[in-house]
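Inspection log for the structure reproduced underneath, given as structure tokens.
2 protein chains.
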Amino acid sequence: MEIDRASPVPPYRQIAAFLRAAILRGDFAPGSRLPGVEQTVQEWGVARTTARKALAAVRDEGWSFASVGLGYYVAPQEQWPQT
Amino acid sequence: MEIDRASPVPPYRQIAAFLRAAILRGDFAPGSRLPGVEQTVQEWGVARTTARKALAAVRDEGWSFASVGLGYYVAPQEQWPQT
DNA sequence: TGAAATTTGTGCGTATGTATT
DNA sequence: GAATACATACGCACAAATTTC
Chain A
623 MEIDRASPVP
633 PYRQIAAFLR
643 AAILRGDFAP
653 GSRLPGVEQT
663 VQEWGVARTT
673 ARKALAAVRD
683 EGWSFASVGL
693 GYYVAPQEQW
703 PQT
Chain B
623 MEIDRASPVP
633 PYRQIAAFLR
643 AAILRGDFAP
653 GSRLPGVEQT
663 VQEWGVARTT
673 ARKALAAVRD
683 EGWSFASVGL
693 GYYVAPQEQW
703 PQT
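Shown next as structure tokens:
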């Protein structure tokens, strides 16, 4: 959970990449809940905007889905990209 | 170029939908330049954030690409979604 | 019934970095 | 170096959906 501020990869993409990798590793099973905006802010030490952008990127790519009032959840594997 | 503020469809999606339709109609040929952030702000009367979100959505879906210092351009038709 | 708490969605403002011309 | 234009980050406020009490 450490941002590499020296990296050319922007923080929001570092976080998104971490989440994708964690999902692929199985750290978060399909249907299980993912860290939300607040938790991401706390764990990574970034602004809400940055946390939201990371979570939205993962969602928009099909790895997860979100529901207002509930949070972010890992998408069914059938909806994952590429595969 | 009028936002329907009464619509449940948020402004940034209204703008994105307009751009997609314009591209599909051929109003903007592949390779030609699209309105940028500033122009979108002026034409639609929205904030920069909203304009950027609309342009980013169209780009992320594959309809266009962007280059720093240059602007947004219609993507080659081969890169368009679905088709 | 409904009020509060939680959480995502959207919009607006601002500043800085970076690539291109 | 200057001008242009996209990319990213941070902050704030309110809307909408869901759950809980």
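Sequence order for the protein chains is A and B.
For the first sequence, this note's numbering assigns the number 623 to the initial residue and increments by one for each residue that follows.
For the second sequence, this note's numbering assigns the number 623 to the initial residue and increments by one for each residue that follows.
Ideal Cβ placement from N, Cα and C applies to all residues, glycine included.
Rounded to a whole number of angstroms, what is the C-alpha to C-alpha distance between residue i and residue j?
i	j	result
residue 688/A	residue 647/B	32 Å
residue 720/A	residue 704/A	This structure cannot speak to residue 720/A, because chain A is shown only from 623 to 705.
residue 673/B	residue 665/B	10 Å
residue 683/B	residue 671/B	18 Å
Does the ligand ADP have even one heavy atom less than 6 Å from the beta-carbon of residue i?
i	result
residue 657/A	The ligand ADP is absent from the structure shown, which contains no ligand whatsoever.
Relative to the C-alpha of residue i, which candidate in the options has its C-alpha closest?
i	options	result
residue 633/B	644/B, 694/B, 654/B, 679/B	679/B
residue 667/B	637/B, 645/B, 681/B	637/B
residue 676/B	628/B, 627/B, 642/B, 654/B	642/B
residue 651/B	685/B, 635/B, 670/B	685/B
residue 625/B	669/B, 655/B, 654/B, 656/B	669/B
residue 692/B	653/B, 627/B, 628/B, 630/B	653/B
residue 694/A	682/A, 655/A, 671/A	655/A
residue 623/B	640/B, 671/B, 631/B	640/B
Where does residue i sit, in a helix, a strand or coil, going by DSSP?
i	result
residue 641/A	helix
residue 646/A	helix
residue 655/B	strand
residue 696/B	strand
residue 702/B	coil
residue 635/A	helix
residue 660/A	helix
residue 665/B	helix
Can you tell me where the beta strand (DSSP E) holding residue i begins and where it ends?
i	result
residue 688/A	686-689
Starting from residue i, trace the alpha helix (DSSP H) in both directions and tell me its first and last residue.
i	result
residue 679/B	670-682
Exercise for the section: Tell me, please, whether the region 657-675 of chain A touches the region 696-703 of chain A by the rule of three or more beta-carbon pairs shorter than 8 Å. Expected result: Put simply, the region 657-675 of chain A does not touch the region 696-703 of chain A. Fewer than three CB pairs are less than 8 Å apart.
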